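Going by this note's numbering, 332 is the number at position 325 of the sequence shown; the sequence numbering is gapless.
Okay, so here's the structure we're looking at.
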Amino acid sequence: MTKTRSTDQWLGRARQAAGNGSGGVRRPWPLVLLSALLVALAVPAALLVAPGFLGPEPPAPAPPAPAWQQVPTALSTVPGLAPPDGSAPVPLPSAVSAQLEPLLTADGGGTFTAVVQDALTGQVLFDRGGSEGRVPASNMKLLAAVAALRVLGPEHTFATRVVAGPAPGQVVLVGGGDVLLGPGGSKKDQVMGHAGLATLAAQAVEALQTGGATGEIKVLVDDSLFSGPALNPAWEPGDVAAGEVAPVYSMALNSARYDPAVTTGPRPQDAAMTAAEEFAAGLRSAGAAAGLTVAAAVERLPQPAAGTTAPARPEGEGTSQPVVLGEVQSATVAEQVNLMLQDSDNYLAEALGRLTALADGLPGSYDGATAAVGAQLAAAGLAAEGMKLVDVCGLAMGNQVPARQFSEVVRAITSGTDTRLRSALDGFPVAGLSGTLDTRYGDAATARGAGLVRAKTGTLNTVLALSGYVVDADGRLLAFSFIGNGLTPGAAGNKEALDRAATALAGCGCR
Numbered sequence: 008m009t010k011t012r013s014t015d016q017w018l019g020r021a022r023q024a025a026g027n028g029s030g031g032v033r034r035p036w037p038l039v040l041l042s043a044l045l046v047a048l049a050v051p052a053a054l055l056v057a058p059g060f061l062g063p064e065p066p067a068p069a070p071p072a073p074a075w076q077q078v079p080t081a082l083s084t085v086p087g088l089a090p091p092d093g094s095a096p097v098p099l100p101s102a103v104s105a106q107l108e109p110l111l112t113a114d115g116g117g118t119f120t121a122v123v124q125d126a127l128t129g130q131v132l133f134d135r136g137g138s139e140g141r142v143p144a145s146n147m148k149l150l151a152a153v154a155a156l157r158v159l160g161p162e163h164t165f166a167t168r169v170v171a172g173p174a175p176g177q178v179v180l181v182g183g184g185d186v187l188l189g190p191g192g193s194k195k196d197q198v199m200g201h202a203g204l205a206t207l208a209a210q211a212v213e214a215l216q217t218g219g220a221t222g223e224i225k226v227l228v229d230d231s232l233f234s235g236p237a238l239n240p241a242w243e244p245g246d247v248a249a250g251e252v253a254p255v256y257s258m259a260l261n262s263a264r265y266d267p268a269v270t271t272g273p274r275p276q277d278a279a280m281t282a283a284e285e286f287a288a289g290l291r292s293a294g295a296a297a298g299l300t301v302a303a304a305v306e307r308l309p310q311p312a313a314g315t316t317a318p319a320r321p322e323g324e325g326t327s328q329p330v331v332l333g334e335v336q337s338a339t340v341a342e343q344v345n346l347m348l349q350d351s352d353n354y355l356a357e358a359l360g361r362l363t364a365l366a367d368g369l370p371g372s373y374d375g376a377t378a379a380v381g382a383q384l385a386a387a388g389l390a391a392e393g394m395k396l397v398d399v400c401g402l403a404m405g406n407q408v409p410a411r412q413f414s415e416v417v418r419a420i421t422s423g424t425d426t427r428l429r430s431a432l433d434g435f436p437v438a439g440l441s442g443t444l445d446t447r448y449g450d451a452a453t454a455r456g457a458g459l460v461r462a463k464t465g466t467l468n469t470v471l472a473l474s475g476y477v478v479d480a481d482g483r484l485l486a487f488s489f490i491g492n493g494l495t496p497g498a499a500g501n502k503e504a505l506d507r508a509a510t511a512l513a514g515c516g517c518r
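The structure is reproduced here in structure tokens:
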């Protein structure tokens with residue numbers, strides 16, 4: 008009864024309100040209710056239709072990323088890299104372990120060893136088998152970089168020369184260690200192709216014209232700078248066939264590639280002769296207008312047998328050296344080291360290793376290169392007990408280096424104590440942005456490490472490695488090395504484990 012009375016009272020008020028419209032016009036209450044109902048339905052309908060005319064509502068702006076996660080525009084802006092000042096708090100080892108232990112789990116077999124250190128003090132924040140010898144894959148290039156920068160110096164360059172030959176009508180192309188020669192003109196703003204064979208050929212033609220040369224010119228090649236076998240016997244034939252590396256000579260085009268943009272597949276098996284033939288073609292083209300012809304065949308300069316003297320060569324005025332007809336200089340050692348690290352270039356690494364050996368008074372061979380790298384690490388206080396080096400590019404499975412060694416090398420590079428080594432900072436690939444890390448750190452689990460993790464990669468069939476540095480959430484610079492051995496080939500989770508671990512360090516306050 009109460010409900011009926013209340014309803015009647017409400018209807019009565021509605022009728023009264025309907026009779027009090029504008030101008031005294033009375034409207035029956037059903038019409039009022041119907042109008043209200045139409046308005047109620049029209050509002051949501053309009054909201055549904057409006058986006059078709061006005062466009063979708065813009066998304067709310069994302070909150071700004073914290074300062075520590077902003078991508079640095081230059082290494083000098085990365086906190087702690089100028090060099091680290093120690094003002095930021097050091098993570099607690101127990102907290103770092105809690106972050107990394109669950110992540111460094113091998114997928115399908117094998118194990119990971121790892122070391123994380125405070126880059127400034129060297130305090131070990133995480134250590135899982137960090138002193139065990141491991142196959143490090145291309146992390147070996149970090150050791151080669153340190154040795155090259157220490158012995159050769161960041162600003163050193165290598166000359167490729169053309170000199171007068173041992174007989175009239177001959178010129179000799181002399182390899183000086185530049186394996187990044189380009190076929191065209193010298194490109195001074197690039198590392199690959201910094202020295203161009205077309206530029207060298209033009210210089211040679213001008214010098215020959217000035218000297219009154221006529222008739223046919225024969226090109227010889229002198230690639231005697233390096234010694235020993237051109238291929239390391241420790242390398243798997245399948246890796247050589249796949250184009251992971253090629254026989255190493257003291258000069259090459261495009262790091263012994265037919266095309267610098269094609270980094271897989273067949274490679275020149277005689278890089279020095281390939282370069283010499285390209286030079287001869289350039290000489291032929293440049294010399295045509297000067298009336299010079301160039302013999303079709305390119306030959307190696309005969310080398311003296313052991314215990315004999317070199318063949319006599321024409322002497323320059325007042326010197327005992329051959330007359331130099333042209334010369335081009337390579338990019339600097341620092342620039343080459345950075346290219347080697349960014350692209351993980353095996354051929355370039357082995358060439359730099361041999362050049363380091365020669366500068367250190369050792370043979371320019373594989374044995375000389377590994378001996379020179381080991382000696383320089385020892386001189387820098389970075390050699391580990393039981394370390395075994397079979398090559399310097401990391402392609403050989405016989406290498407044995409502990410993770411602790413790599414974290415110490417990263418510390419040496421970032422510390423600024425030896426300014427020569429800091430030249431390698433730009434060579435570390437940046438997660439999600441450059442080098443061999445450009446396509447990684449794109450999923451939800453690792454995106455927070457993009458732009459922050461800077462590390463050298465390493466990949467062989469059963470080996471994965473990642474060694475580098477990162478600034479954590481508190482601004483502390485950390486050096487790390489993760490190495491997996493005996494891994495199941497092709498298991499995607501293993502690479503992800505390394506990237507997740509490095510990402511965890513990037514976001515770690517860990518206190």
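Heads up, the beta-carbon is just placed ideally off N, CA and C, and yes, glycines get one too.
Predicted model only: the values in this text are computed from it and were never measured.
- 8 angstroms or more divides the Cβ of residue 191 from the Cβ of residue 165.
- In the three-state reduction of the DSSP assignment, residue 448 falls in the coil class.
- Exclusion of the five residues before and after residue 272 leaves 250 as the residues of its chain whose Cβ lies within less than 6 angstroms of its Cβ.
- Distance from the CA atom of residue 403 to the CA atom of residue 144, rounded to whole angstroms, is 7 angstroms.
- In this structure residue 174 is exposed. Its beta-carbon is surrounded by fewer than 16 other beta-carbon atoms within 10 angstroms.
- Taken atom to atom, the span from the alpha-carbon of residue 265 to that of residue 418 is near 37 angstroms.
- For residue 357, the number of other beta carbons within 10 angstroms of its own is at least 16, and it is reported as buried.
- The straight-line gap separating the alpha-carbon atoms of residue 182 and residue 188 is approximately 10 angstroms.
- Spanning the alpha carbons of residue 455 and residue 513 requires a straight line of approximately 8 angstroms.
- For residue 396, the three-state secondary structure derived from DSSP is coil.
- Under the DSSP assignment, residue 119 falls in the beta strand (DSSP E) whose first and last residues are 118-125.
- Relative to the Cα of residue 99, the nearest Cα in the group 286, 119, 133, 93 belongs to 133.
- Between residue 412 and residue 142, the C-beta spacing is not below 8 angstroms.
- Residue 396 is a Cβ neighbour of residue 381, given a cutoff of 8 angstroms.
- Apart from the 5 residues on each side of it in sequence, residue 449 sits with its Cβ closer than 8 angstroms to the Cβ of 439, 457 in its chain, given in chain order.
- The three-state secondary structure of residue 502, taken from DSSP, is helix.
- Residue 503 and residue 300 have their alpha carbons spaced roughly 58 angstroms apart.
- When the Cα atoms are used, residue 276 and residue 242 turn out to be separated by approximately 15 angstroms.
- Within the same chain, and ignoring the five residues on either side of residue 377 in sequence, the residues whose Cβ sits closer than 8 angstroms to its Cβ are 360, 396, 397, 398, 399.
- Residue pairing by DSSP places residue 333 opposite 169 in a beta bridge.
- By the CB criterion at 8 angstroms, residue 379 and residue 158 fall inside the cutoff.
- The Cβ neighbour count for residue 106, taken over all protein chains shown within 10 Å, is at least 16; the residue is labelled buried.
- Short of 6 angstroms from the beta carbon of residue 393, and not among the five residues preceding or following it, lie these beta carbons of its own chain, in chain order: 140.
- Cβ-Cβ separation between residue 211 and residue 333: approximately 4 angstroms, consistent with a contact (criterion under 8 angstroms).
- Burial is judged here by how many other beta carbons sit within 10 angstroms of a residue's own beta carbon; residue 474 has at least 16 and is buried.
- DSSP links residue 225 through a beta bridge to 177.
- The criterion of a C-beta distance shorter than 8 angstroms is not satisfied by residue 130 and residue 485.
- Residue range 278-294 is occupied by the alpha helix (DSSP H) that includes residue 294.
- Residues 301 of the same chain have their beta carbon placed closer than 7 angstroms to that of residue 291, with the five preceding and five following residues left out of the count.
- Separation of the CB atoms of residue 96 and residue 341 is rounded to 33 angstroms, and the pair is thereby denied contact status at 8 angstroms.
- A straight-line Cα-Cα distance of about 15 angstroms links residue 258 and residue 198.
- Note: residue 131 is bridge-paired with 124 in the DSSP secondary-structure output.
- Straight across, the Cα-Cα distance linking residue 103 with residue 346 is about 32 angstroms.
- Annotated three-state conformation of residue 251 is coil, per DSSP.
- Contact check for residue 511 against residue 489 fails: the beta carbons are separated by 8 angstroms or more.
- Between the segment 494-508 and the segment 116-123, the count of C-beta pairs closer than 8 angstroms reaches three or more; the two stretches touch.
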